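Colleague: Numbering (our numbering), first residue to last: 21 to 422. Take a look at this one; I'll ask things after.
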């Protein structure tokens, strides 16, 4: 068996040395491109887009953990006591309350009806990063501020064709807007700033200070529609969720993944299906291309294979030599493909792919790379095996005649 393997390796190395170098290099390049193609989609879509969505959810919408009322309640009560309890829990960096009430914003004939959210600015900047994305106005809200901050989708553009949703038609910092709250209170606000996070959920929000909401309600508000909790970096969120409940938080406690619910699951499942289809197509391409190459190669070497059989070389040794040649091309193709993939990662890490939904940096996981490399190895082995197996089954004299 060992001697047979040595003979297969000898025949394969001799065929590679005597074969056309250009053809071999092209075959290696084909494998490298197929390997890169298999990873590109999963890296950008299955990895990059999903990670972007995760980051946007945590940084702008829910933070790490969110506390919401039980399904039969509309608000969280005694929010000051709740905040004191939550902020004492090990693993919690900061908690921030939010209170939302429906309202209609209007400006020069344009109207938008959305929830208007009251925040404590000092707490909010500790749990989300919305304040880092102000594109109009110099500052975020400050405690006691009587202005309003709008997301870019609410502020909108003068050209309606540029808006994804109903908007105020191009409001900018310094403009005045009218707000009619659901409780019948009317207010005129100076727009303190406009933010653009590229999260379609966050960018369709409007914020006022907690003190301003107290004035709108006409009393000192002690309720919240939700409390966002930022965890200490590296903290296990599931363990933190359990710890919050152990510390007496009796309301609905959810990690950001639970809070986003089916939206995350459906998106990830969709991307996995598309990624699987892309991998299958790439595998078929690899098998067809390498199969054609080795079919032509074995047909051209038909007489040589017949002579090898005539002098007593076993079929399995001849087949092994062609499989070895295919695996040689696969091995160096994978190395070249990994170099290309890592160069792409370095480039896009420095220059992320900008989209309306956010900046995408591809994620190439080593386990995925090795898995795809193994799949291509199987495909390459089959592409080398099948043509050689078919030729070696022919009559020796027929093969020698070519």
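In this text, a Cβ means the ideal position worked out from N, Cα and C, and glycines have one as well. It should be emphasised that the depicted structure is a prediction, and the values quoted were computed from it without experimental measurement.
1) Just reading off the beta strand (DSSP E) that residue 277 is part of, what are its end residues?
2) Just checking, does the segment 257-277 make contact with the segment 86-93 on the three C-beta pairs under 8 Å criterion?
3) I'd like the ranges of any beta strand (DSSP E) spanning at least 3 consecutive residues and lying wholly in the segment 107-145.
4) Closer than 6 Å by C-beta to residue 252: which residues in its own chain qualify, once you throw out the five before and the five after it? Chain order, please.
5) Give me the Cα-Cα distance between residue 214 and residue 220, rounded to the nearest whole angstrom.
6) Between residue 194 and residue 210, is the Cβ-Cβ spacing less than 9 Å?
7) How many Å lie between residue 395 and residue 310 at the Cα?
8) With a threshold of 7 Å on Cβ separation, who are the neighbours of residue 346 within its own chain once the five nearest residues in sequence on each side are excluded?
9) Compute the beta-carbon to beta-carbon distance between residue 83 and residue 248, rounded to the nearest angstrom, for a pair I have assumed lies under 8 Å.
10) Which residues does DSSP list as the beta-bridge partners of residue 154?
11) To the nearest angstrom, report how far apart residue 173 and residue 69 are at their CA atoms.
12) With respect to the alpha helix (DSSP H) encompassing residue 72, which residues constitute its N-terminal and C-terminal limits?
13) Quick one: which unbroken beta strand (DSSP E) runs of 3-plus residues sit fully inside the segment 344-399? Chain order, please.
14) Use the C-beta contact count for residue 239: other C-beta atoms within 10 angstroms, 16 or more gives buried, fewer gives exposed.
15) Where in the segment 183-243 do unbroken runs of the alpha helix (DSSP H), each at least 4 residues long, occur, reported from the N-terminal end onward?
16) So what does DSSP say about residue 49, is it helix, strand or coil?
17) Have a look at residue 276 and residue 106 and give me their C-alpha separation to the nearest angstrom.
18) Measuring CB atoms only, is the segment 350-369 touching the segment 46-62, in the sense that at least three cross pairs come out at less than 8 Å?
19) Please go through the same chain and pick out, in chain order, the residues whose beta-carbon is closer than 6 Å to the beta-carbon of residue 162, but skip the five residues on each side of it.
20) Using alpha carbons as the reference points, say which of 366, 232, 406 lies closest to residue 318.
21) Inspect the CB distances between the segment 142-162 and the segment 196-203 and report whether three or more fall short of 8 Å.
22) With respect to the alpha helix (DSSP H) encompassing residue 264, which residues constitute its N-terminal and C-terminal limits?
23) Can you tell me whether residue 298 is helix, strand or coil according to DSSP?
24) So does the segment 134-152 actually touch the segment 227-241, counting three or more Cβ pairs closer than 8 Å?
25) Have a look at residue 197 and residue 206 and give me their C-alpha separation to the nearest angstrom.
26) Please report the distance separating the alpha-carbon of residue 64 from that of residue 368.
27) Roughly how many angstroms separate the alpha carbons of residue 130 and residue 109, rounded to a whole number?
28) Can you give the Cα-Cα distance for residue 297 and residue 289, rounded to whole angstroms?
29) Starting from residue 269, trace the alpha helix (DSSP H) in both directions and tell me its first and last residue.
30) So residue 148 packs on residue 243, CB below 8 Å; how close in whole Å?
31) Express the C-alpha separation of residue 371 and residue 381 in angstroms, rounding to a whole number.
32) Name the DSSP bridge partner or partners of residue 171?
33) Just the C-alpha distance for residue 279 and residue 339, rounded to the nearest angstrom, thanks.
34) Mind checking residue 167: buried by the 16 CB within 10 Å criterion, or exposed?
35) Residue 55 and residue 357 look like a contact to me (Cβ under 8 Å); what is the Cβ gap, rounded to whole Å?
36) Here's the rule I'm using: 16 or more other beta-carbon atoms within 10 Å means buried, otherwise exposed. How should residue 222 be labelled?
Modeller: Considering the structure as presented:
1) Looking at the DSSP string, residue 277 is not in any beta strand (DSSP E); the run it does join, the alpha helix (DSSP H), is 276-280.
2) yes
3) 112-127, 130-139
4) 111, 113
5) 14 Å
6) yes
7) 14 Å
8) 310, 314, 400, 401, 403, 404
9) 4 Å
10) 215
11) 21 Å
12) 70-76
13) 373-375, 378-380
14) exposed
15) 230-237
16) helix
17) 16 Å
18) yes
19) 141
20) 406
21) no
22) 257-266
23) helix
24) yes
25) 11 Å
26) 10 Å
27) 45 Å
28) 13 Å
29) That residue, residue 269, is in no alpha helix (DSSP H); it is neither H nor E in DSSP.
30) 20 Å between Cβ atoms; not a contact.
31) 8 Å
32) 215
33) 57 Å
34) buried
35) 3 Å
36) buried
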